[in-house]
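All letters in the sequence shown, in the order written, are residues 106 to 395 by this note's numbering. All C-beta atoms in this analysis are idealised placements derived from N, C-alpha and C, irrespective of residue type, glycine included. Since the structure is predicted, the reported quantities are computational estimates derived from the model, not experimental observations. These notes are about the structure you will find just below.
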Amino acid sequence: MLFHRPVFQGGVSIYSSTYRRNLLVLMSLIVSSSIQPAHGVHGEEETCTPCPPGVYCIGEINRACPLHSTSPAQSTVVTQCACDAGYQGVATHQGVDTNGNACTVCPPNTFCLGGNTVPQNCASPFAISALASTSASACKCSAGYFGPDGGTCEVCPIGSYCTGGTTKTTCAGTIGGMYSPQGSSAQSDCVCNIGYRAVASVCTKCAAGSFKPSTGNGACTPCDAGYYGVDLGSSSVDSCELCPDFTNSPQGSGSLTSCKCLAGYTAPTDGVDCTGCAMGTYKTTSGTGV
């Protein structure tokens, strides 16, 4: 910058117009350089405002933190931006996902506490968590299991169903008459146990003279003709007993007295061995008598 010497007239210095203009420019530069804001603040003239959270400031420039990240107040560099809870990665302007975002969403079945950390797996392999989970308590037991949020999950026991989370529900119905397999996840998994049948949505023991060897809401199977059964809630064909000699019974008989003498045979009472009619006599019907 060129300055001219002053010219004196009558003992008084007179600055040239060029000298005066250059002097004003120099004074302006000196003043402006003396009020530059410090890092971490931004503003104009003498007033500087602290850089708010979520941005970082370099002199007069303030820039927002990358997507899904934030920073404390008066941050001065991008490395002070840390990923939000529910996201993972290192918050820089060099993006790492397909959308150019540095902080990527926390995947399912994990949780991210925030900061420049990696996802943490749920404590139990039978727990699930949603996308972008932020804490261990977001890990909940999956259907067929139960347990505390963020804790260990146990398989749902026989006779109960577990819809997921902390709840375990015992199958409703007659005591001992309702069944569900291990790991059941819905009330519809509760069916009648062996030896029980469904009557008006209630599990009821199989009647005498019948049995049911499998679980489900189906009917009981009657004992064959010539057999009888006396036990309630039988689960095996072995509960059906053969009638005495020379007697017969209808299908599904529930007592010994259902076994009656055949035609040509007689006995003093039902349910006992019968003998043939005496010489000179006959009997055309079943049952006792001659």
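Run of the beta strand (DSSP E) containing residue i, from where it starts to where it stops
{"i": "A163", "result": "Note that residue 163 is Ile in the sequence shown here, rather than Ala. I163 -> beta strand (DSSP E) spans 160-163."}
{"i": "Y166", "result": "Note on identity: in this sequence residue 166 is Ile, with Tyr being the wrong assignment. That run of the beta strand (DSSP E) goes 166-169."}
{"i": "Y301", "result": "301-304"}
{"i": "T309", "result": "307-310"}
Paired residues, beta bridge with residue i - DSSP
{"i": "F316", "result": "T326"}
{"i": "G381", "result": "Y370"}
{"i": "L347", "result": "Y332"}
{"i": "S180", "result": "Y161"}
{"i": "F251", "result": "E259"}
{"i": "F216", "result": "Q225"}
{"i": "C188", "result": "S174"}
{"i": "A358", "result": "First, the residue type needs correcting, since residue 358 is Ser and not Ala in the sequence shown. For S358, which the question treats as bridged, DSSP gives the partners Y333."}
{"i": "C297", "result": "M283"}
{"i": "T275", "result": "S265"}
{"i": "T209", "result": "Q193"}
{"i": "C462", "result": "Nothing about residue 462 can be reported from this structure: the residues present for the chain run from 106 to 395 only."}
{"i": "T393", "result": "Beta-bridge pairing links T393 to no other residue."}
{"i": "T352", "result": "C366"}
Chain C contact for residue i (CB, 8 Å cutoff)
{"i": "S234", "result": "The chain labelled as chain C is not found in the depicted structure, where only one protein chain is given."}
Distance, residue j Cα to residue i Cα
{"i": "P327", "j": "K388", "result": "29 Å"}
{"i": "N226", "j": "Y266", "result": "26 Å"}
{"i": "V201", "j": "T275", "result": "Because the pLDDT of V201 is 47, which lies under 50, any placement of that residue in the model is unreliable, and the question is left without a value."}
{"i": "Q179", "j": "E165", "result": "13 Å"}
{"i": "G369", "j": "P355", "result": "18 Å"}
{"i": "C208", "j": "C258", "result": "31 Å"}
{"i": "S238", "j": "A248", "result": "19 Å"}
{"i": "G264", "j": "G288", "result": "10 Å"}
{"i": "T386", "j": "G321", "result": "52 Å"}
{"i": "P373", "j": "T393", "result": "6 Å"}
{"i": "L134", "j": "V210", "result": "Caution applies to L134, whose pLDDT of 48 falls short of 50 and renders its modelled position unreliable; the value that the coordinates give is listed next. About 48 Å."}
{"i": "C69", "j": "L236", "result": "This structure gives no information on residue 69, because the portion of the chain shown stretches from 106 to 395."}
{"i": "S285", "j": "D375", "result": "42 Å"}
{"i": "G256", "j": "A313", "result": "48 Å"}
{"i": "T371", "j": "A277", "result": "50 Å"}
{"i": "S240", "j": "T184", "result": "24 Å"}
{"i": "P212", "j": "I233", "result": "11 Å"}
{"i": "C295", "j": "F231", "result": "22 Å"}
{"i": "V342", "j": "T362", "result": "19 Å"}
{"i": "T272", "j": "D254", "result": "11 Å"}
{"i": "G194", "j": "F216", "result": "13 Å"}
{"i": "P167", "j": "Y192", "result": "For clarity, residue 167 is Asn in the given sequence; the question names Pro instead. Rounded to the nearest angstrom, the two C-alpha atoms are 24 Å apart."}
{"i": "S315", "j": "P224", "result": "59 Å"}
{"i": "C382", "j": "F351", "result": "12 Å"}
{"i": "T390", "j": "D336", "result": "29 Å"}
{"i": "S229", "j": "G357", "result": "51 Å"}
{"i": "P177", "j": "N214", "result": "29 Å"}
{"i": "C186", "j": "G270", "result": "35 Å"}
Whole-angstrom C-beta distance between residue j and residue i, which should lie under 8 Å
{"i": "C162", "j": "T181", "result": "6 Å"}
{"i": "C311", "j": "Y332", "result": "So it is not a contact: roughly 15 Å between Cβ atoms."}
{"i": "C308", "j": "K317", "result": "With a Cβ gap of about 10 Å, C308 and K317 do not count as contacting."}
{"i": "C366", "j": "C379", "result": "4 Å"}
{"i": "A330", "j": "N298", "result": "That pair is no contact at about 27 Å."}
{"i": "Y301", "j": "G338", "result": "7 Å"}
{"i": "C153", "j": "V160", "result": "At roughly 15 Å, the Cβ-Cβ gap does not stay under 8 Å, so C153 and V160 are not in contact."}
{"i": "C261", "j": "F251", "result": "6 Å"}
{"i": "G220", "j": "C188", "result": "6 Å"}
{"i": "A305", "j": "T268", "result": "No, A305 and T268 are not in contact; Cβ-Cβ is about 25 Å, not under 8 Å."}
{"i": "A190", "j": "L218", "result": "6 Å"}
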